[in-house]
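Novice: Got a structure for you, questions after.
2 protein chains.
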Amino acid sequence: MSYASTESLDVFFKAKSIAIYGASASQNSVGQAIIQNFIKPQYTGKVYAVNPKYNQVLGVPCYPTLQAIEEPVDLVVVAVPARITPRVFDDIAAKGAKAAIIISGGFSETGYAGTELEEEVVAISKKHGIRVIGPNCVGIVDTHSHIDTFFLPEYRCGRPRPSNVANISLVSQSGAFAAAISDWTAELGLGISKLISLGNKCDVDDDDLLWYLAKDPTTQVICYYTEGYDELKGRTFFDTAKNVTPHKPVLVVKSGRGQRARAAASSHTGSLAGSDNIADSAYRQSGIIRVNNFEHMFDMAKALAMQPPAKGDRVLMITNGGGLGVMTTDALEALGLVIPSPSKELEEKFNERLPSYCAIGNPIDVVGDTDSSRYDAVFEEAIKSGEYDIFVVGMLLQTPSLNMDITNVISNHQRQSGLPFVVVSMGGGFTTKAGEIMELMGVPTYATGEKAALAAKGLAKYGEIKYREKFNKTFGSDKP
Amino acid sequence: MSYASTESLDVFFKAKSIAIYGASASQNSVGQAIIQNFIKPQYTGKVYAVNPKYNQVLGVPCYPTLQAIEEPVDLVVVAVPARITPRVFDDIAAKGAKAAIIISGGFSETGYAGTELEEEVVAISKKHGIRVIGPNCVGIVDTHSHIDTFFLPEYRCGRPRPSNVANISLVSQSGAFAAAISDWTAELGLGISKLISLGNKCDVDDDDLLWYLAKDPTTQVICYYTEGYDELKGRTFFDTAKNVTPHKPVLVVKSGRGQRARAAASSHTGSLAGSDNIADSAYRQSGIIRVNNFEHMFDMAKALAMQPPAKGDRVLMITNGGGLGVMTTDALEALGLVIPSPSKELEEKFNERLPSYCAIGNPIDVVGDTDSSRYDAVFEEAIKSGEYDIFVVGMLLQTPSLNMDITNVISNHQRQSGLPFVVVSMGGGFTTKAGEIMELMGVPTYATGEKAALAAKGLAKYGEIKYREKFNKTFGSDKP
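Chains as they are written, first to last, in our numbering: chain C, 1 to 480; chain A, 1 to 480.
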């Protein structure tokens, strides 16, 4: 699919009128749960139910067919048994709707008969230009338009919110993970724009969404969970990624590193996990950053969404706790980042401005009785020196000598310098709140040195991807 | 120090009367902050202040010297400038108190003059049989006796609580980390018995506390944060550990793996981080489990505190989400655990009792529409088969078909089988609460497959340490 034709996906996220096919008045049914998500006040579009059995479902007007609805319908959510979906798609085609999400299972994931049904639906859709997400998925959550086809009740499965600073969108092959991630990111307070569960990918696939999310102004970082690619679609995806990654960071969690897990993935979704090494090198060549798990993904994505990429890998660590300095430096070094000692000149500047009992070096320890002024002095001199590309700031708030003005000192220096900053602040209640404030001011904050180091690594790695590409364009090289 | 003489440490954690030397009425002083921790209603012993300037401090009676106090004093907390501590210790000796915690800095960590002062204090203490923690530390928090010398206000630095199930004690070289861990574990709700910050270790050291905590009935797992050992004390510590680890798990975070971090550690505490490989092999030989960071430590310690060690490394993973099964299996395999497929016989049993669309294997996927009964069937058959040593249970609660009775099913099978269980439950609000309930029922619960896998690894590893030792004893071998 081409960059231009991603417009056909717009309707999934911006539909002004949505019909729920298979909406049901019977309690605890999927058909009722989905409609419940649409009668929330946040979604401002029109909602229709389709089911010959009812005149209304939970107060939503119900029609026997789509064609019986007088107004136009943008998006159809299909929650009927697999065997009747071809008839439903005839109705969709007749109505002229251009997009459908098939929530129902019972298609290609179940064997031969299901595959035939799926192919029938695809044939109708192709003929009439209907784009399809699914089947066998939970659909999408768009935190801006409030389109939400996840049929799980909010008390069990929280929905994330968009942040004012920067947002992440995530595409998941697995519906259960899409739901768990919705719930988890809601709890974490991570800014999310779109969650998309792809299921069997009978039409819309990873590649389509990569184009779409690359153009989406509300998405700053694109994340994927995948268990594997089929060979042809995989190749297209990696070609697209080469064009996207210099402009927007793309992260992926791909499971199935081990043998056992690969066997499990194959029985779970039928996808061929293939050689993990091949995937690894495809990711590298296309500028996609592969991470080991969702925690790493969220930690890196947060930094990439909030901070500029680094133009090099020279890190300065500043801390008010010696142990935190040592642990974080360990983690930074293990990730291959460079932690250069300050030059003679810079060391002299630090010595002039800090008390003699501070430990000057890298990490630089402004010790436990510090207030924000020592941080201020270190940032000022270190930024002026040009000796560092990334700042990792240890901020232990258990000691009351460090007031909340430290957050202003950090964010001011970050903004004025344009260099990436990452904060590590270990602790509980007060510390957590302070971290939330730090992030509202645009600087990502982590509970451990390892997480902060990973964030710094992400900023350095994406810098390499972004600026390597620029370099290549300027000098006409097409080497990876 | 011998096992018997650990009794002299009892008074640090059980003192019935405590004097704060250097207690101060001036706001924001350490001397005031410490006394503030003792006038909380939870500590039921007697508290005295010592300072010739006042008659009372925050309502606590204040005396010019210890000797002026009529009642006996068990423990003296010293928060006076370093240079006057020898005089203070003369007073402690004259009063006959047997334990002191020196919070103040300005001793051996600052150079030659400080070292002389420290030696003077040690000489007085040795002569009069006074045990000393510190100097240059934040002292201790005992969550049972409520002795709390951390001088940091609770709104900044939360204090953990003991759990009714099982508790961890932690010894930290770094005071800032001890404080941050207090705050963090309070937030996590991890059951803690004792936190001890050792500072310069002029008398009480890692080895003393290893003996003491080994005997402590309120400590189920012993944790350390260290930046290095001096050669002589290190050797004694590892000898002690050989005797302790078959009875109680010991975990350590040792920083300074990398070169840069090692340099930083040396300037921070003056300890020689030494060769990290030597430390690694000493840990292995003495049965101490080394982990990379505090998150890993807390994850493993929680499992070891709550669950019996595993008698082998054969794991069964059961899940209601295919993706979670794949991710967790990946993590288990990466940690070297064995994930055997069920035998033909067991597979038949599973087939009889589960719907045909469940994926039987390892992981075994009881799929998204499950209630607790499929878990029940799998546990029953798998336990009866004797084919597995550890159960890792994926419990995705976003879907309302899985009710809270799953927690009873899990904890009942765990208790009746005596086999170790670990739960992984990804998500937000509801999921977090359910995890807390699961843990009140004694089964450790984690937010990601990687954390659960690490917990399983800890249970297998400690089983190896515990049962290897038993084997050695029986057969008279003393090989590591």
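Virtual Cβ for every residue (Gly too), placed ideally from N, Cα, C.
A quick note: this is a predicted structure, and the numbers were derived from the prediction, not measured.
Assign ALA303 (chain C) to one of three DSSP states: helix, strand, or coil.
Specialist: Mapped onto the first sequence, residue 303 (chain C) falls at position 303. Correct three-state label for ALA303 (chain C): helix.
Novice: At the 8 Å Cβ level, is SER477 (chain A) part of the contact set with chain C, yes or no?
Specialist: One-based indexing of the second sequence puts residue 477 (chain A) at position 477. Residue confidence for SER477 (chain A) is low, a pLDDT of 41 falling below 50, so the modelled location carries little weight; the figure read from the coordinates is stated next. Answer no: the Cβ-Cβ gap between SER477 (chain A) and chain C never drops below 8 Å.
Novice: At a Cβ threshold of 8 Å, is PHE531 (chain C) touching chain A?
Specialist: Residue 531 (chain C) is absent from the model: chain C starts at 1 and stops at 480.
Novice: Using a cut-off of 9 Å between C-beta atoms, extract the partners of VAL77 (chain C) located in chain A.
Specialist: Working through the first sequence from its first residue, we reach residue 77 (chain C) at position 77. Neighbours of VAL77 (chain C) on chain A: none; closest Cβ ~18 Å, over 9 Å.
Novice: Are any of the Cβ atoms in chain C nearer than 8 Å to that of GLN27 (chain A)?
Specialist: Position 27 of the second sequence, counting from 1, holds the residue named residue 27 (chain A). Answer no: the Cβ-Cβ gap between GLN27 (chain A) and chain C never drops below 8 Å.
Novice: Just the Cα atoms here: how many angstroms apart are ASP389 (chain A) and GLY463 (chain A)?
Specialist: Within the second sequence, the letter at position 389 stands for residue 389 (chain A). Within the second sequence, the letter at position 463 stands for residue 463 (chain A). In a straight line, the C-alpha of ASP389 (chain A) is about 10 Å away from that of GLY463 (chain A).
Novice: In whole angstroms, give me the CA-to-CA distance for ILE364 (chain A) and CYS358 (chain A).
Specialist: If you number the second sequence from 1, residue 364 (chain A) lands on position 364. If you number the second sequence from 1, residue 358 (chain A) lands on position 358. Whole-angstrom Cα-Cα distance: 8 Å.
Novice: Pairs of beta-carbons, one from the region 125-134 of chain C and one from the region 187-202 of chain C, closer than 8 Å: are there three or more?
Specialist: Judged by Cβ distances under 8 Å, the region 125-134 of chain C makes contact with the region 187-202 of chain C, as three or more pairs qualify.
Novice: My output table needs one value for LEU152 (chain A): the three-state DSSP class, helix, strand or coil.
Specialist: Within the second sequence, the letter at position 152 stands for residue 152 (chain A). DSSP places LEU152 (chain A) in coil when its eight states are reduced to three.
Novice: Under the three-state reduction of DSSP, which class applies to ILE181 (chain C): helix, strand or coil?
Specialist: As a working mapping, residue 181 (chain C) is identified with position 181 in the first sequence. DSSP places ILE181 (chain C) in helix when its eight states are reduced to three.
Novice: How about PHE430 (chain A): is its C-beta nearer than 8 Å to some C-beta of chain C?
Specialist: For the purposes of this step, residue 430 (chain A) is identified with residue 430 of the second sequence, where counting begins at 1. Cβ-Cβ to chain C under 8 Å: yes for PHE430 (chain A).
Novice: Rank A:GLN259, A:ASP330, A:LYS248, A:VAL315 by C-alpha distance to the C-alpha of MET306 (chain A) and give the top, closest one.
Specialist: In the second sequence, residue 306 (chain A) corresponds to position 306, counting from 1. It is A:LYS248 whose Cα lies nearest to the Cα of MET306 (chain A).
Novice: For the region 388-412 of chain A, list every residue whose C-beta sits within 7 Å of some C-beta in chain C, in sequence order.
Specialist: Per Cβ criterion, the list reads LEU396, LEU397, GLN398, THR399, PRO400.
Novice: DSSP has SER425 (chain C) in a bridge; who is on the other side?
Specialist: Indexing the first sequence from 1 puts residue 425 (chain C) at position 425. SER425 (chain C) is not bridged to any residue.
Novice: Taking 8 Å as the cut-off, decide whether the C-beta atoms of VAL141 (chain C) and LEU195 (chain C) are in contact.
Specialist: Counting from 1 along the first sequence, the entry for residue 141 (chain C) is found at position 141. Counting from 1 along the first sequence, the entry for residue 195 (chain C) is found at position 195. Yes. Within cutoff.
Novice: What residues in the region 139-172 of chain C bring their beta carbon closer than 8 Å to a beta carbon of chain A?
Specialist: Cβ contacts with chain A come from LEU152, PRO153, TYR155, ARG156, CYS157, GLY158, SER172.
Novice: On the criterion of 16 or more Cβ atoms from any shown chain inside 10 Å, does GLY139 (chain C) qualify as buried, or is it exposed?
Specialist: Along the first sequence, one-based indexing puts residue 139 (chain C) at 139. Per the 10 Å Cβ criterion, buried.
Novice: Do the region 342-361 of chain C and the region 374-385 of chain C meet, that is, are 3 or more Cβ pairs less than 8 Å apart?
Specialist: The region 342-361 of chain C, when compared against the region 374-385 of chain C, does touch it at the 8 Å Cβ threshold.
Novice: In the structure shown, what three-state DSSP assignment does VAL378 (chain C) receive?
Specialist: Position 378 of the first sequence holds residue 378 (chain C). Three-state DSSP puts VAL378 (chain C) in a helix.
Novice: Determine the chain B residues that contact GLU227 (chain C) at a beta-carbon separation under 8 Å, and present them in chain order.
Specialist: The structure shown has no chain B; the protein chains it does contain are C and A.
Novice: Comparing the C-beta of ASP206 (chain A) with each C-beta of chain C, is any distance below 8 Å?
Specialist: As a working note, residue 206 (chain A) is residue 206 in the second sequence. Chain C contact via Cβ: absent.
Novice: Quick check on this structure: which residue in A:LEU58, A:ASP313, A:PRO72, A:GLY325 has the alpha carbon closest to the alpha carbon of GLU387 (chain A)?
Specialist: Taking the first residue of the second sequence as 1, we reach residue 387 (chain A) at position 387. Among A:LEU58, A:ASP313, A:PRO72, A:GLY325, the Cα nearest to that of GLU387 (chain A) belongs to A:ASP313.
Novice: Which one or two residues does DSSP pair with CYS223 (chain A) in a beta bridge?
Specialist: Walking along the second sequence from the start, residue 223 (chain A) turns up at place 223. A:LEU170, A:LEU251, per the DSSP bridge assignment.
Novice: Under 8 Å, Cβ to Cβ, is there at least one residue of chain A near ALA113 (chain C)?
Specialist: Counting from one through the first sequence, the residue named residue 113 (chain C) turns up at place 113. False, the Cβ-Cβ gap to chain A never drops below 8 Å.
Novice: Check each residue of the region 417-446 of chain C: if its Cβ is closer than 8 Å to any Cβ of chain A, include it; give the result in chain order.
Specialist: Answer set for the region 417-446 of chain C: MET426, GLY427, GLY428, GLY429, PHE430, THR431, THR432.
Novice: Taking the alpha-carbon of GLN398 (chain C) as reference, which of C:HIS413, C:ALA434, C:SER417 has the nearest alpha-carbon?
Specialist: Here residue 398 (chain C) is taken as the residue at index 398 of the first sequence, counted from 1. Here the closest residue by C-alpha is C:ALA434.
Novice: Quick one: residues in its chain with C-beta nearer than 7 Å to the C-beta of ALA279 (chain C), no 5 flanking neighbours on either side, listed in chain order?
Specialist: Here the question's residue 279 (chain C) lines up with position 279 in the first sequence. The answer, listed in chain order, is LYS254.
Novice: The alpha helix (DSSP H) spanning TYR212 (chain A) covers which residue range?
Specialist: Taking the second sequence and counting its residues from 1, one reaches residue 212 (chain A) at position 212. That run of the alpha helix (DSSP H) goes 206-215.
Novice: So with CB distances below 9 Å, who are the chain A contacts of ALA456 (chain C)?
Specialist: Position 456 of the first sequence, counted from the start, is the residue given in the question as residue 456 (chain C). Correct list: empty, because the minimum Cβ distance to chain A is about 14 Å.
Novice: For ASP405 (chain A), is the classification buried or exposed, using 16 other Cβ atoms within 10 angstroms of its Cβ as the cut-off for buried?
Specialist: Here residue 405 (chain A) is taken as the residue at index 405 of the second sequence, counted from 1. When all chains shown are included, ASP405 (chain A) counts as exposed.
Novice: Among all the DSSP beta bridges, which residues are the ones paired with ILE390 (chain C)?
Specialist: Locating residue 390 (chain C) in the first sequence gives position 390, counting from the first residue. C:VAL315, per the DSSP bridge assignment.
Novice: Using DSSP with H/G/I as helix, E/B as strand and the rest coil, what is TYR467 (chain C)?
Specialist: Here residue 467 (chain C) refers to the residue found at position 467 when the first sequence is read from its first residue. Correct three-state label for TYR467 (chain C): helix.
Novice: Are the C-beta atoms of ALA186 (chain C) and some chain A residue less than 8 Å apart?
Specialist: Looking up residue 186 (chain C) in the first sequence gives position 186. Yes, because at least one Cβ of chain A sits closer than 8 Å to the Cβ of ALA186 (chain C).
Novice: Near GLU345 (chain A), what residues of its chain come up, given a Cβ to Cβ distance below 8 Å and the 5 sequence neighbours on each side ignored?
Specialist: Position 345 of the second sequence, counted from the first residue, corresponds to residue 345 (chain A). Correct list, in chain order: SER385.
Novice: Could I get the ranges of all uninterrupted alpha helix (DSSP H) runs contained in the region 68-121 of chain C, with 4 residues as the minimum, in chain order?
Specialist: Counting only runs of 4 or more, we get 85-95.
Novice: Using a 10 Å radius around the Cβ and a threshold of 16 neighbouring Cβ atoms, would you call ASN320 (chain C) buried or exposed?
Specialist: By 1-based counting over the first sequence, the position of residue 320 (chain C) is 320. By the neighbour-count rule (16 or more Cβ atoms within 10 Å), ASN320 (chain C) is buried.
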